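Chemist: Here it is, the structure in full.
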């Protein structure tokens with residue numbers, strides 16, 4: 195549904211990233227949090243949570259008004275692994291918190307019109323673009339481009355943002371590598387233990403016969 199809005203590079207950048215860097219965290223192009231002008235942000239749909247949150251809110255609301263009782267946060271790629279492609283790793287917590295908060299506001303607004311029928315926010319953890327148990331190089335079966343601990347760290351940061359933003363449940367989304375999923379589940383349990391509170395956990399897998 196995002197594609198229907200016909201968004202361009204400037205829409206993804208918004209005012210915050212218009213000058214080629216994250217103006218909320220630095221004071222110029224030489225800062226640590228750079229997004230060079232030559233590096234496109236178009237297609238980074240998670241970033242719309244900061245640059246065009248109203249677009250994401252419209253999509254959530256459309257699903258809720260059509261009868262959905264649950265909506266997923268727009269955080270499928272809001273991990274440091276995926277955001278590294280855009281040099282925006284520093285936004286992981288903020289993106290996840292914003293993703294849950296936008297969805298929470300939409301759910302609460304629609305629920306207010308139907309007393310006794312709450313709506314729920316599913317906090318989404320995407321699979322990342324790396325695999326802990328599968329080599330991305332057919333010529334080197336033993337090679338790994340990430341590790342369990344690295345995935346656990348990136349998932350933990352995302353989980354904290356989702357919980358702080360108001361997610362009702364956490365979903366490990368579109369699993370294609372079970373070791374990645376284990377890292378996510380381990381990070382979820384760590385977060386729950388540290389907070390002394392738990393949320394329901396959902397798992398979504400991609401099954402093949404290969």
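Numbering (this note's numbering), first residue to last: 195 to 404. We put the CB at the ideal spot given by N, CA and C, even for glycine. Just so it is clear, the structure is predicted and the values come from calculations on it, not from any experiment.
(1) Secondary structure at residue 395, three-state DSSP: helix, strand or coil?
(2) Could you pull the start and end residues of the alpha helix (DSSP H) that residue 356 belongs to?
(3) Classify residue 236: buried if its beta carbon has 16 or more other beta carbons within 10 angstroms, exposed otherwise.
(4) On the DSSP letters alone, give me the boundaries of the beta strand (DSSP E) that residue 266 sits inside.
(5) By DSSP, does residue 275 sit in helix, in strand, or in coil?
(6) How many angstroms separate the CA atom of residue 385 from the CA atom of residue 350?
(7) Could you give the distance in angstroms between the alpha-carbon of residue 275 and the alpha-carbon of residue 257?
(8) With DSSP collapsed to three states, give me the class of residue 382.
(9) Nearest CA to the CA of residue 323: which residue from 234, 218, 272?
(10) Give a yes or no on whether 8 angstroms exceeds the smallest Cβ distance from residue 380 to chain C.
(11) Could you give the residue range of the alpha helix (DSSP H) that holds residue 255?
(12) Name, in chain order, the residues that DSSP records as bridge partners for residue 365.
(13) Who are the Cβ neighbours of residue 207 in its own chain at under 7 angstroms, not counting the five residues just before and after it?
(14) If we count the other Cβ atoms within 10 Å of its Cβ and call it buried at 16 or more, is residue 348 buried or exposed?
(15) Between which two residues does the alpha helix (DSSP H) harbouring residue 137 extend?
(16) Taking DSSP as the reference, what is the three-state secondary structure of residue 201?
(17) Is it a yes or a no for the region 319-335 touching the region 294-302, going by three-plus beta-carbon pairs under 8 angstroms?
(18) Looking at residue 272 and the ligand ATP, is the gap between the Cβ and the nearest heavy atom below 7 angstroms?
(19) With burial defined as no fewer than 16 other Cβ atoms inside 10 Å of the residue's Cβ, what is the status of residue 203: buried or exposed?
Modeler: The relevant details are as follows:
(1) Here residue 395 is taken as the residue at index 201 of the chain shown, counted from 1. Reduced to three states, the DSSP call for residue 395 is strand.
(2) Locating residue 356 in the chain shown gives position 162, counting from the first residue. Unbroken alpha helix (DSSP H) run through residue 356: 342-359.
(3) As a first step, residue 236 must be located in the chain shown, where it is residue number 42. Looking at its Cβ environment, which holds fewer than 16 other Cβ atoms inside 10 Å, residue 236 is exposed.
(4) Taking the chain shown and counting its residues from 1, the one referred to as residue 266 is at position 72. Segment 264-266, the beta strand (DSSP E) holding residue 266.
(5) Taking the first residue of the chain shown as position 1, residue 275 is located at position 81. Residue state, collapsed to three classes: helix.
(6) Taking the first residue of the chain shown as position 1, residue 385 is located at position 191. Taking the first residue of the chain shown as position 1, residue 350 is located at position 156. Rounded to whole angstroms, residue 385 to residue 350 spans 7 angstroms at the Cα level.
(7) Mapped onto the chain shown, residue 275 falls at position 81. Mapped onto the chain shown, residue 257 falls at position 63. Spanning the two alpha carbons is a distance of roughly 29 angstroms.
(8) Stepping through the chain shown from its first residue, residue 382 is reached at position 188. Helix.
(9) On the chain shown, residue 323 is found 129 positions in, with the first residue counted as 1. That would be 272, whose Cα lies nearest to the Cα of residue 323.
(10) Among the protein chains of the structure shown there is no chain C, as only one such chain exists.
(11) On the chain shown, position 61 is the one that residue 255 refers to. From DSSP, the alpha helix (DSSP H) with residue 255 extends over 247-259.
(12) Sequence index remark: in the chain shown, residue 365 carries index 171 (1-based). Bridge partners of residue 365: 318, 396.
(13) To locate residue 207, count along the chain shown from 1; it is residue 13. Only 235, 245 meet the Cβ criterion.
(14) For the purposes of this step, residue 348 is identified with residue 154 of the chain shown, where counting begins at 1. Flag for residue 348 reads buried.
(15) Beyond the ends of the chain as shown, which are 195 and 404, falls residue 137; an answer cannot be given.
(16) Looking up residue 201 in the chain shown gives position 7. DSSP places residue 201 in coil when its eight states are reduced to three.
(17) no
(18) The ligand ATP is not part of this structure, which contains no ligands at all.
(19) Here residue 203 is taken as the residue at index 9 of the chain shown, counted from 1. Exposed.
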